[in-house]
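Engineer: Going letter by letter, the sequence shown gives residues 755 to 954 in our numbering.
Glycine included, each C-beta is placed from N, C-alpha and C at the ideal position.
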Amino acid sequence: NIFTEINLDVKQDHTSSTQVFEIIKILNYKGKKEYSDIKLTYLGTYEKIKLGNCFSIDPKGKRIPIPKNQIYDLNTRQSIMNPLINFRQKIINFPKIEPGYYIVLDFNLTSSWKEPPKGIEHFQSSNPILHKRFSIKFPKKMQLNYHFDTKKLSFIKRSTHKQNIYTWEIKNSKIIKQENNTPIYLISGIPLVYSFYKDW
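Take a look at the structure:
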């Protein structure tokens, strides 16, 4: 993961939009297998995904567009087994991915779910993360609760006339080696836990 930027914009009624931009380099054939099909899961009842400018780049710098027939929007296995679960997947097939290629992923996820947003954002995984930035923008009338390792993540608070903007950032985080019975990333990694619930 060369560069990842995630911007979460929370509205007063708790609806939100999340803009994601990523640059990924394929290092080996394991990466080719994992990233040739990128699956973006979302809740079809309340959420929508809109793709931005997604493409791949070969080692010579040539941009390779994604054919329109290589972008799918399908039900997940859970939703097929249980019709009450409306999880869907936007699947992007990046053609001709080989070690040394780059993937550029750009999309926006909007949510009309009117419950206070909450989540866990991980800054360390089984892939190297060279640079990751995560921001939450929200109205000043709202309170954001959060917890993170202050020694491992940089944190900046900014504000405009009506909004607060909190940003967490990391550079060159070490990989977590995949082993049997490895603790979850919430324990072994560098997570940011955040919530707009008052009793979190």
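(1) Does DSSP put Y939 in a helix, in a strand, or in coil?
(2) Which partner residues of D763 appear in the DSSP bridge assignment?
(3) Strictly by DSSP, which residues pair up with W954?
(4) Any idea if R831 is buried or exposed, counting beta-carbon neighbours within 10 angstroms, 16 or more meaning buried?
(5) Could you tell me if G943 is buried or exposed, where buried requires 16 or more neighbouring beta carbons within 10 angstroms of its beta carbon?
(6) Assuming the contact rule is C-beta atoms closer than 8 Å, E788 and N755 should be a hit. Round their C-beta distance to whole Å, please.
(7) I want to know whether the region 887-900 touches the region 915-927 - three or more CB-CB distances under 8 Å.
(8) Would you report the Cα separation of K814 and G854, rounded to the nearest angstrom?
(9) Compare the beta carbon distance of P945 and I874 with 7 Å and say whether it is the shorter of the two.
(10) Which residues in the same chain have their Cβ closer than 8 Å to the Cβ of H768, if we skip the five residues on either side of it in sequence?
(11) I need the straight-line Cα distance from S833 to I825, nearest angstrom please.
Structural biologist: According to the structure data:
(1) Walking along the sequence shown from the start, residue 939 turns up at place 185. Helix at Y939.
(2) In the sequence shown, the residue the question calls residue 763 occupies position 9. Partner(s): S771, K891.
(3) Here residue 954 is taken as the residue at index 200 of the sequence shown, counted from 1. The partner list for W954 (beta bridge, DSSP) is empty, contrary to what the question assumes.
(4) What you label residue 831 is simply residue 77 of the sequence shown in a count that begins at 1. With fewer than 16 other Cβ atoms within 10 Å, it is exposed.
(5) As a first step, residue 943 must be located in the sequence shown, where it is residue number 189. Flag for G943 reads buried.
(6) On the sequence shown, position 34 is the one that residue 788 refers to. On the sequence shown, position 1 is the one that residue 755 refers to. Incorrect: roughly 12 Å between the Cβ atoms, too far for contact.
(7) yes
(8) Position 60 of the sequence shown, counted from the first residue, corresponds to residue 814. Position 100 of the sequence shown, counted from the first residue, corresponds to residue 854. If you take the alpha carbons of K814 and G854, they lie about 9 Å apart.
(9) Translated into the one-based positions of the sequence shown, residue 945 becomes position 191. Translated into the one-based positions of the sequence shown, residue 874 becomes position 120. Yes, these two residues count as a Cβ contact at 7 Å.
(10) In the sequence shown, residue 768 corresponds to position 14, counting from 1. Here the set comprises W867, K868, E869, P870, P871, F950.
(11) Taking the first residue of the sequence shown as position 1, residue 833 is located at position 79. Taking the first residue of the sequence shown as position 1, residue 825 is located at position 71. Rounded to the nearest angstrom, the two C-alpha atoms are 19 Å apart.
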